[in-house]
Amino acid sequence: MTKAFERPKALADVQQHYCPGCTHGIIHRLVAEAMDCLDINGKTVGVAPVGCAVFAYNYFNCDMQQAAHGRAPAVATGVKRVHPDNIVFTYQGDGDLAAIGTAEMIHAAARGENITIIFVNNAIYGMTGGQMAPTTLAGQVTQTTPYGRNTQTQGYPISVCEILATIEGVAYLERVSVDNVKNIRGAKKAIEKAFRYQKEDKGFTLIEILSTCPTNWGLTPLESLDWLRDNMMPHYPLGIFKDKGEDKA
29 MTKAFERPKA
39 LADVQQHYCP
49 GCTHGIIHRL
59 VAEAMDCLDI
69 NGKTVGVAPV
79 GCAVFAYNYF
89 NCDMQQAAHG
99 RAPAVATGVK
109 RVHPDNIVFT
119 YQGDGDLAAI
129 GTAEMIHAAA
139 RGENITIIFV
149 NNAIYGMTGG
159 QMAPTTLAGQ
169 VTQTTPYGRN
179 TQTQGYPISV
189 CEILATIEGV
199 AYLERVSVDN
209 VKNIRGAKKA
219 IEKAFRYQKE
229 DKGFTLIEIL
239 STCPTNWGLT
249 PLESLDWLRD
259 NMMPHYPLGI
269 FKDKGEDKA
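Under the working numbering, think of the first position of the sequence shown as 29, with each following residue one higher.
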């Protein structure tokens, strides 16, 4: 009998720790499927900093390096420069990448480092209790904005892809989502393309993935998917923000 569906070889056969309805597990699978598809198992190094994905080293069958909070792009830069033939990716949440890690992200992009960032945006600090994150929407209720984010006192949400699109060293940026089958398939293609561009030495790539956080949003898993579509997608539209890969081949 032919198997039509099976666990990716790059994904470890272990139970994950994420909350029910969290889409980190889906994203992990897509990263692993991309590794399998491009035949880069055994040639890939992942970097996981502090955040919900802090235990990612348990879930991928590749070498993993732990990084301090926000410092994954800097660590990935060092790994890639020492081992330029390896595929190096970071796996970061919005609190990690767009707050304490802003400088590392922007300067890695400006240098055109040939690394890939998998950026999971759920508009909140997930692991540490649900505080306002840089990506928290205006009016969104969190533990530190109980009356909703007030842009007059707490600023506006940061749009990572839009910011990075202005930087010359960036080769490929795309924002995707994992809220339905169609978008999951699109997210898989984007991750594969980012890894392929890195394999072809085309430069800095980042895939932003809109994700859910039912626990800290105070919603059920199904309600969270609706909230993502109704609130996050209008503010963070899906699409390709930069693609210099084809003319750099």
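For every residue, glycine included, the Cβ atom is placed at its ideal position computed from N, Cα and C.
Own chain residues within Cβ distance below 8 Å of residue i, not counting five before or after
i    : result
L165 : A151, R177, P185, N259, M260 and H263
G267 : E202 and R203
A81  : H52, Y119, Q120, G121 and V148
P265 : R203
F33  : none
G157 : Q171 and N244
K227 : L66, I68 and I115
S252 : G49, T240, C241, P242 and W245
Nonlocal neighbours in the same chain, by C-beta distance under 7 Å from residue i, ignoring five residues either side
i    : result
I65  : Correcting the residue type first, residue 65 is Cys in the shown sequence and not Ile. E220.
K24  : With the chain running from 29 to 277 in the structure shown, residue 24 is simply not present.
R257 : D207
T179 : A166
Sequence-distant residues of the same chain with beta carbon closer than 6 Å to residue i, five excluded per side
i    : result
A161 : D122, G123, I152 and Y153
K270 : A193, V198 and L201
G140 : G197, G231 and F232
K276 : Note that K276 scores 45 on pLDDT, short of 50, meaning its location in the model is unreliable; the coordinates nonetheless yield the value given after this. Counting only Cβ-Cβ distances below 6 Å, and skipping sequence neighbours, we find K230.
A104 : V75, V116, T118 and I143
D91  : V73
G129 : G98
K272 : A199
I212 : V206
M155 : G79 and C80
Limits of the unbroken beta strand (DSSP E) element including residue i
i   : result
D91 : D91 to Q94
A76 : T72 to A76
Residue range of the alpha helix (DSSP H) that includes residue i
i    : result
A62  : H52 to C65
T30  : Looking at the DSSP string, T30 is not in any alpha helix (DSSP H), and its letter there is neither H nor E.
V110 : A100 to V110
V188 : V188 to L192
Q180 : T179 to Q182
Beta-ladder partner(s) of residue i, from DSSP
i    : result
L39  : F88
Y119 : I146
Within the stretch 195-274, ranges of the alpha helix (DSSP H) (whole runs, at least 4 residues): You should have 209-227, 242-245 and 249-255.
Starting from the N-terminal side, write out each stretch of the beta strand (DSSP E) that is 3 residues or longer and does not extend beyond the stretch 130-176. Those beta strand (DSSP E) runs which fall completely within the stretch 130-176 and span 3+ residues are 144-149.
Using 8 Å as the Cβ pair cut-off and three pairs as the minimum, do the stretch 52-62 and the stretch 92-100 touch? In this structure the stretch 52-62 does not touch the stretch 92-100; the number of beta carbon pairs closer than 8 Å is below three.
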